[in-house]
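Just add 2 to wherever you are in the sequence shown, counting from 1, and you've got the numbering used here.
Every residue gets a Cβ at the ideal spot worked out from N, C-alpha and C, and that includes glycine.
Model, not experiment: these values are computed from the prediction.
Working notes, structure below.
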Amino acid sequence: MKIGIPLETRPGERRVASTPEVVKKLVDQGFAVVVERGAGVRAGYPDADYEAAGASLTDRAGAYDVDLLLRVRRPDETEVEAMRAGGLYIGLLESCGEDAILSRLLAKGMRVLALERMPRTSRAQAMDVLSSQSNIAGYRAVIEAAARYGRFLPMMMTSAGSAKPARVVVLGAGVAGLQAIATARRLGADVYAYDVRPETREQILSLGAKPIDLDLGESGAGEGGYARELSDEAKARQQAALADVLAKAHIIVTTALIPCRRAPVLVTEDVVRQMRPGSVIVDLAAASGGNCPLTVADAIVERHGVTLVGLTNFPALVPADASAFYARNLLNLIEIMFECGASGPKLKDLTADDITAAMLVQAVS
Ligand code: NAD
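Structure below.
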């Protein structure tokens, strides 16, 4: 069973789907691993380390001509063409609904495991790349905000005077939001947080932040731990109720997402206009339309004196750890997919396990 690790080709992508540490474990379990030359270099993993771990280095064609292809980002058409017909594909498909790339993969007889379909169960946690990468995004978002904010985050008392702590508001207290709260607290900021799911209140408090309580007249808790979309009336109430606390914020980190929907608008232009000049908004929902309508995806812009950060790939800015977590998630997944006996790894029935069955894409839906 040959596994391929290609170089990720999306602009700005620095992660790699497997690391030398994980490659060694795969080789020990009887897999043959081929790595495209330079695949890990941008994440800090040189070719020589993969070779030392037991992988063979190859060109692009060699990395795609395998039984099991491991990717981080969605492939393009040329990459799909290079894949071995009937092979297995594991990666983020990054799609909802209509999908030409997925159709091509299926037309080649490939079995596709889409990582964003990982069920949210305790057993699946160790394989969940959405969680591991969101965690990194939440951390890196605060680092980005701190670097762009022209003042201190902690309170400072010096012989030249004192500085008040920054007031940070985190919107959306899921995986990324909770890590953003924890990071901003570690940097000494005064942190407030809000989520539409009521169960997050305790988590916000346990991280030393202050929960923002709003009465929207309806619950935002949806299925499988995700939020559901609010009614138009509740959305309007939410924007109005948040406006005051947001206008007083110096840094806002927004992470509010609803799977396969446009992100809800939580920070209006009016709020941005009222914020103190030099404030920073990091919008982690930029790729889904943004939690602020002034956010520009993949760009950093200034509006009404406020810096809006719309970068859409924060994990790629922490590429070594992001790749290490991603690779370990995939190793844990591979371990439930194969039986490793004396005759080498044997693929199990992917429909028989609730995790792989949920991830297996049979048709474009
Ligand atoms: P997500 O990335 O889909 O959304 C981010 C957050 O935005 C969520 O907390 C959501 O409630 C919030 N949000 C959506 N609309 C909002 C609005 N209008 N206003 C304010 N907030 C809004 O979510 P996520 O971070 O992936 O996780 C959500 C939950 O699922 C968490 O409780 C997490 O612990 C859980 N989870 C469980 C597993 C597992 O058990 N394997 C894996 C991942 C996540």
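In whole angstroms, what separates the C-alpha of residue i from that of residue j?
i: Thr185; j: Glu83; result: 42 Å
i: Leu9; j: Leu28; result: 18 Å
i: Ala139; j: Pro13; result: 18 Å
i: Arg188; j: Gln240; result: 28 Å
i: Arg199; j: Val74; result: 29 Å
i: Thr202; j: Ala175; result: 6 Å
i: Val18; j: Val35; result: 14 Å
i: Gly32; j: Phe340; result: 11 Å
i: Ile302; j: Thr309; result: 7 Å
i: Gly222; j: Ile338; result: 34 Å
i: Arg86; j: Gly111; result: 9 Å
i: Arg305; j: Lys212; result: 28 Å
i: Val144; j: Cys342; result: 42 Å
i: Asp78; j: Asp67; result: 16 Å
With a 10 Å radius around its C-beta and 16 neighbouring C-beta atoms as the bar for buried, classify residue i as buried or exposed.
i: Asp130; result: buried
i: Cys262; result: exposed
i: Asp300; result: exposed
i: Gly93; result: buried
i: Arg142; result: buried
i: Ala354; result: exposed
i: Pro347; result: buried
i: Ala54; result: exposed
i: Met159; result: exposed
i: Pro295; result: exposed
Sorted by chain position, which residues of the same chain lie with C-beta nearer than 6 Å to residue i's C-beta, five sequence neighbours on each side aside?
i: Gly163; result: none
i: Gly152; result: Gly280
i: Ala21; result: Correcting the residue type first, residue 21 is Thr in the shown sequence and not Ala. Once the five neighbours on either side are set aside, the close Cβ partners of Thr21 are Tyr47, Ser325, Ala326 and Ala329.
i: Val298; result: Gly312
i: Arg106; result: Val82
i: Asn331; result: Met129, Val131 and Ser134
At which residues does the alpha helix (DSSP H) containing residue i begin and terminate?
i: Ala102; result: Ala102 to Ala109
i: Ile336; result: Pro321 to Met339
i: Arg239; result: Asp234 to Ala249
Counting along the chain, where does the beta strand (DSSP E) carrying residue i start and finish?
i: Met120; result: Met120 -> no beta strand (DSSP E), and no H or E assigned at all.
i: Glu271; result: Looking at the DSSP string, Glu271 is not in any beta strand (DSSP E); the run it does join, the alpha helix (DSSP H), is Glu271 to Gln276.
i: Tyr194; result: Asp192 to Tyr196
Going by beta carbon distance, what residues of the same chain come within less than 8 Å of residue i, once the five residues before and after it are set aside?
i: Lys237; result: Pro266 and Val267
i: Val171; result: Val193, Tyr194, Ala195, Tyr196, Ile214, Val247, Leu248, Ala251, Ile253, Ile254 and Val255
i: Ile357; result: Met120, Pro121, Thr123, Arg125, Ala126, Met129, Leu335 and Ile338
Spatial neighbours of residue i within its chain, please: CB distance less than 7 Å, with the 5 preceding and 5 following residues excluded, ordered by chain position.
i: Ala289; result: Ala299 and Thr314
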